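Taking it in order: structure first as structure tokens, then the write-up.
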Amino acid sequence: MNFCDTMLRSLLESLRAAAGFDKEDMADMAVELMKDASCRALQEIREVLGDDSLEDPECFWRIEKIVGIYEKLGSDGGGRHDFG
């Protein structure tokens, strides 16, 4: 199961625990919760990228790929990508 499927399954189980929602309401709420959870995750990753106290040169290329994803979204990697 991929990351988004796992996240969606968890969110739907949370919604199921709440009483009084029909399937359409649950689907709409799940979409909004996924957007919110995704944005929070991206924000947390961005904070890690901006943490200058972390030193792990062996992970440079992994970090570089993450920064590239942020750049595609119109953001940046902060101090982790100030070269070029």
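At position 77 of the sequence shown the residue is numbered 186 (the working numbering), and the sequence of numbers has no breaks.
All C-beta atoms in this analysis are idealised placements derived from N, C-alpha and C, irrespective of residue type, glycine included.
On a predicted model such as this, the values are computed, not experimentally measured, just so you know.
- Distance check between residue 119 and each of 163, 139, 132, 131 places 139 closest, using alpha-carbon atoms only.
- The distance from the Cβ of residue 116 to that of residue 136 is about 15 Å, inconsistent with a contact at the 8 Å cut-off.
- The distance from the Cβ of residue 158 to that of residue 175 is about 7 Å, consistent with a contact at the 8 Å cut-off.
- Taking the Cα of residue 180 as reference, the smallest distance to any Cα among 151, 114, 133, 125 is reached at 151.
- Residue 184 carries a coil assignment under DSSP once its states are collapsed to helix, strand and coil.
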